[in-house]
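Novice:
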Amino acid sequence: MNYLASVGSYAIMIREVFKKPTKWRIMKSLIFKEIDELIFSSLGIIIFISFFIGAVVAIQTALNLTNPLIPRDLIGFATRQSVILEFAPTFVSIIMAGKVGSYITSSIGTMRVTEQIDALEVMGVNSLNYLVFPKIIAMLFYPFAIAISMYVGIFGGWMAGVFGGFLTSEDFAMGLQSDFVPFHIAYAFVKTLIFAFVIATVPSFHGFYMKGGALEVGKASTTSFVWTSVVIIILNYILTQLLLG
Amino acid sequence: MIEVRDIHKSFGEAHILKGITTTFEKGKTNLVIGQSGSGKTVFLKCLLGLFVPEDGGIAYDGKLYSEHTDDEKRDLRQEMGMVFQGSALFDSMTVEGNVMFPLEMFTKQSKSEMKDRVDAVLKRVNLVDAHHKFPSEISGGMQKRVAIARAIVMNPKYLFCDEPNSGLDPKTAIVIDDLIKEITEEYNITTVINTHDMNSVMQIGEKIIFLKDGLLEWEGTKNEIFKTNNEAVTNFVYSSDLFKKVRQMYIQEQN
Chain A
443 MNYLASVGSY AIMIREVFKK PTKWRIMKSL IFKEIDELIF SSLGIIIFIS FFIGAVVAIQ
503 TALNLTNPLI PRDLIGFATR QSVILEFAPT FVSIIMAGKV GSYITSSIGT MRVTEQIDAL
563 EVMGVNSLNY LVFPKIIAML FYPFAIAISM YVGIFGGWMA GVFGGFLTSE DFAMGLQSDF
623 VPFHIAYAFV KTLIFAFVIA TVPSFHGFYM KGGALEVGKA STTSFVWTSV VIIILNYILT
683 QLLLG
Chain B
191 MIEVRDIHKS FGEAHILKGI TTTFEKGKTN LVIGQSGSGK TVFLKCLLGL FVPEDGGIAY
251 DGKLYSEHTD DEKRDLRQEM GMVFQGSALF DSMTVEGNVM FPLEMFTKQS KSEMKDRVDA
311 VLKRVNLVDA HHKFPSEISG GMQKRVAIAR AIVMNPKYLF CDEPNSGLDP KTAIVIDDLI
371 KEITEEYNIT TVINTHDMNS VMQIGEKIIF LKDGLLEWEG TKNEIFKTNN EAVTNFVYSS
431 DLFKKVRQMY IQEQN
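Chains A and B are the protein sequences, given in the same order. For the first sequence, the working numbering gives the first residue as 443, with consecutive numbering after it. For the second sequence, the working numbering gives the first residue as 191, with consecutive numbering after it.
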């Protein structure tokens with residue numbers, strides 16, 4: 443019953459976010475600030491993780507190709523498919539649920555605890571629009587980060603495959619190009635956009651409606667990470683079934 | 191002027207405000223006192239329009255809050271200034287940014303006009319060198335002054351303060367009390383202060399209301415509070431030996 447009430451509160455929160463907009467002059471600067479904090483500051487970790495994930499996928503695939511009849515270019519193919527379909531959009535989104543999500547929950551939660559949200563409300567500011575809307579808009583740039591993740595992941599696979607002596611550059615390039623389905627890219631970016639909305643709003647919900655003090659801010663951040671991950675994983679299943687099934 | 195007309199407020203089974211009727215006049219410092227759990231904060235939030243009473247109403251300059259349209263309610267909110275217990279300054283903004291925030295949000299003033307207004311109110315609260323500091327870089331007393339500056343920057347008609355002296359040393363508390371009283375008179379504002387601080391009661395309490403269990407138990411001035419025989423008020427106000435002696439001295443002086 444509590445879960446159902448939370449879903450209802452979340453829906454009401456989303457409606458309020460788009461009501462009574464903040465002055466564009468102020469909103470513009472908030473959006474730029476959030477793009478910097480949510481997207482640019484995450485690029486380092488995204489690039490780092492993507493590179494090594496791509497590399498590990500290539501090595502794992504190479505080590506499992508024991509049958510000499512299977513061509514070595516399958517390593518390039520498997521790396522491309524794994525990185526584009528799952529690792530970049532889903533795995534990186536789970537990482538972002540931890541990094542960006544906990545930042546969002548703790549920053550909004552701290553504002554709640556220190557009465558800064560009450561101060562906004564008393565002034566007549568739509569606090570949900572002021573705090574959450576810029577995050578949603580900033581996360582529209584998240585697919586660019588995922589595009590970088592895809593590129594770096596495949597590059598990591600190439601590095602590990604070629605410099606690990608598992609295949610040649612030509613084989614890897616051939617594998618990358620074989621059986622390419624452009625719709626897979628569209629599928630990956632549709633998922634990414636929906637995950638971006640989840641990463642912006644679910645942690646905001648946990649921060650905005652939290653009660654208590656500093657300890658509860660920490661607890662809310664943990665709960666927010668768990669629920670954001672759960673929602674991403676369930677949506678990943680549903681979207682895969684709908685778009686590829 | 192704010193007229194509170196028989197307001198009731200409940201949360202589930204808990205009946206917090208049980209019919210409070212009173213008036214807060216313009217240009218006066220009105221104090222709301224009472225023990226923890228007496229309903230002071232809920233009462234203040236009703237005055238701010240954050241809670242809507244189930245019964246009764248609150249009239250601002252003769253017009254009930256419930257009779258305002260949504261746009262009028264928004265305009266009314268902009269005529270209210272609030273000083274929170276913990277100051278509630280925005281951590282990510284400098285002192286200047288905090289005070290300028292309501293102007294940026296609700297006015298069409300140019301940057302230089304806003305800056306002039308911010309300079310004027312910061313000067314009024316005796317903060318001239320803190321413009322570019324962040325809230326974490328200034329003392330609690332200075333934070334309260336910034337909160338007061340932010341509350342008055344829009345020239346409000348009504349000023350609400352929730353425990354403005356909490357966490358401050360006695361000397362700074364007196365400075366904040368005096369500042370609130372001076373601003374109330376200077377700007378002719380209707381000021382309502384929630385407080386536990388008996389020094390504030392004695393110093394700036396032009397009108398005092400005492401809440402007990404959600405009811406208005408007593409109301410009067412700071413001079414009347416010395417003479418009252420209301421047991422609940424005397425038990426609360428004169429709970430310390432120091433104030434008991436002050437009261438005895440006052441009564442002896444009057445006799």
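Glycine included, each C-beta is placed from N, C-alpha and C at the ideal position.
Measuring alpha carbon to alpha carbon, tell me which of A:527, A:611, A:564 and A:571 ends up nearest residue 685 (chain A).
Specialist: Here the closest residue by C-alpha is A:527.
Novice: With distances taken between CB atoms, is the gap from residue 221 (chain B) to residue 334 (chain B) smaller than 9 Å?
Specialist: No, they are not a contact pair.
Novice: With respect to the beta strand (DSSP E) encompassing residue 245 (chain B), which residues constitute its N-terminal and C-terminal limits?
Specialist: Here the beta strand (DSSP E) through residue 245 (chain B) covers 245 to 250.
Novice: Which chain A residues are close to residue 276 (chain B), counting only those with a beta carbon under 7 Å from its beta carbon?
Specialist: Those within 7 Å of residue 276 (chain B) in chain A are 556 and 557.
Novice: Would you kindly check if the distance between the Cβ of residue 272 (chain B) and the Cβ of residue 238 (chain B) is under 9 Å?
Specialist: Yes; because the gap between Cβ atoms is below 9 Å, this pair is in contact.
Novice: Using DSSP's beta-bridge definition, name the partner residues of residue 204 (chain B).
Specialist: B:201.
Novice: Starting from residue 273 (chain B), follow its DSSP beta bridges and name the residues at the other end.
Specialist: Partner(s): B:351.
Novice: Does DSSP put residue 213 (chain B) in a helix, in a strand, or in coil?
Specialist: Strand, per DSSP.
Novice: Kindly indicate which three-state DSSP category residue 308 (chain B) falls into: helix, strand or coil?
Specialist: DSSP places residue 308 (chain B) in helix when its eight states are reduced to three.
Novice: Would you list, in chain order, the members of the stretch 252 to 265 of chain B that have their beta-carbon closer than 7 Å to a beta-carbon of chain A?
Specialist: Hits within the stretch, in order: 264.
Novice: Between the C-alpha atoms of residue 218 (chain B) and residue 394 (chain B), what's the straight-line distance to the nearest angstrom?
Specialist: So the two alpha carbons sit approximately 9 Å from each other.
Novice: Whole-angstrom Cβ separation of residue 583 (chain A) and residue 481 (chain A), contact assumed at under 8 Å?
Specialist: Right, their Cβ atoms sit about 5 Å apart.
Novice: Residue 574 (chain A) CB to nearest chain B CB: under 9 Å?
Specialist: So, not an interface residue.
Novice: Note the first and the last residue of the continuous beta strand (DSSP E) segment covering residue 257 (chain B).
Specialist: That residue, residue 257 (chain B), is in no beta strand (DSSP E); it is neither H nor E in DSSP.
Novice: For residue 372 (chain B), would you say it is in contact with chain A, using Cβ-to-Cβ distances shorter than 9 Å as the test?
Specialist: So no, residue 372 (chain B) is outside the interface.
Novice: Kindly say whether residue 295 (chain B), judged by its beta-carbon, lies nearer than 9 Å to any beta-carbon of chain A.
Specialist: Yes, residue 295 (chain B) lies at the interface with chain A (some Cβ there is under 9 Å from its Cβ).
Novice: Quick check on the burial criterion: 16 or more other C-beta atoms within 10 angstroms. Buried or exposed for residue 259 (chain B)?
Specialist: Classification for residue 259 (chain B): exposed.
Novice: Would you list the residues sitting across from residue 402 (chain B) in a DSSP beta bridge?
Specialist: Per DSSP, B:405.
Novice: Report yes or no: do the stretch 515 to 533 of chain A and the stretch 224 to 239 of chain B share at least 3 C-beta pairs separated by less than 8 Å?
Specialist: Result no; under three Cβ-Cβ pairs closer than 8 Å.
Novice: Using a Cβ-Cβ cut-off of 9 Å, state whether residue 243 (chain B) counts as contacting chain A.
Specialist: No, residue 243 (chain B) lies away from the interface with chain A (no Cβ there is under 9 Å from its Cβ).
Novice: Nearest chain A C-beta to residue 279 (chain B) closer than 9 Å, yes or no?
Specialist: So yes, residue 279 (chain B) belongs to the interface.
Novice: How would you list, in chain order, the residues of chain A whose beta-carbon sits under 7 Å from the beta-carbon of residue 472 (chain B)?
Specialist: There is no way to answer for residue 472 (chain B), as the model of chain B reaches only from 191 to 445.
Novice: Throw me the rounded Cβ distance for the residue 382 (chain B) and residue 426 (chain B) pair, which I believe falls under 8 Å.
Specialist: That pair is no contact at about 19 Å.
Novice: Along chain A, which residues have their Cβ under 8 Å away from the Cβ of residue 346 (chain B)?
Specialist: Correct list: empty, because the minimum Cβ distance to chain A is about 10 Å.
Novice: Less than 9 Å between the beta carbons of residue 207 (chain B) and residue 227 (chain B), yes or no?
Specialist: No, these two residues do not count as a Cβ contact at 9 Å.
Novice: Across which residues does DSSP place residue 235 (chain B) in a beta bridge pair?
Specialist: Beta-bridge pairing links residue 235 (chain B) to no other residue.
Novice: Would you tell me roughly how many angstroms separate the C-alpha atoms of residue 585 (chain A) and residue 648 (chain A), rounded to the nearest one?
Specialist: Distance between the alpha carbons of residue 585 (chain A) and residue 648 (chain A) is about 24 Å.
Novice: Using a 10 Å radius around the Cβ and a threshold of 16 neighbouring Cβ atoms, would you call residue 301 (chain B) buried or exposed?
Specialist: So residue 301 (chain B) ends up on the exposed side.
Novice: For residue 493 (chain A) and residue 203 (chain B), I'd like the C-alpha separation in whole angstroms.
Specialist: Each residue's alpha carbon lies about 58 Å from the other.
Novice: Where do the N-terminal and C-terminal ends of the beta strand (DSSP E) with residue 383 (chain B) fall, by residue?
Specialist: Run containing residue 383 (chain B): 380 to 384, per the beta strand (DSSP E) assignment.
Novice: Going by CA-CA distance only, name the one from B:243, B:368, B:377 and B:330 that's closest to residue 276 (chain B).
Specialist: If we check each option's Cα against that of residue 276 (chain B), B:330 comes out closest.
Novice: Measuring straight from C-alpha to C-alpha, what distance separates residue 248 (chain B) and residue 242 (chain B)?
Specialist: Spanning the two alpha carbons is a distance of roughly 10 Å.
Novice: Output the boundary residues of the alpha helix (DSSP H) element that contains residue 450 (chain A).
Specialist: That run of the alpha helix (DSSP H) goes 444 to 459.
Novice: Thinking just about the alpha-carbon of each residue, which of B:373, B:252 and B:437 is nearest to the one in residue 316 (chain B)?
Specialist: Comparing Cα positions, the closest option is B:373.
Novice: Please name the residue in A:539, A:444 and A:502 whose C-alpha comes closest to that of residue 664 (chain A).
Specialist: Checked all of A:539, A:444 and A:502; the closest Cα to residue 664 (chain A) is A:539.
Novice: So residue 579 (chain A) packs on residue 674 (chain A), CB below 8 Å; how close in whole Å?
Specialist: Actually they are not in contact, since the Cβ atoms of residue 579 (chain A) and residue 674 (chain A) sit about 20 Å apart, beyond 8 Å.
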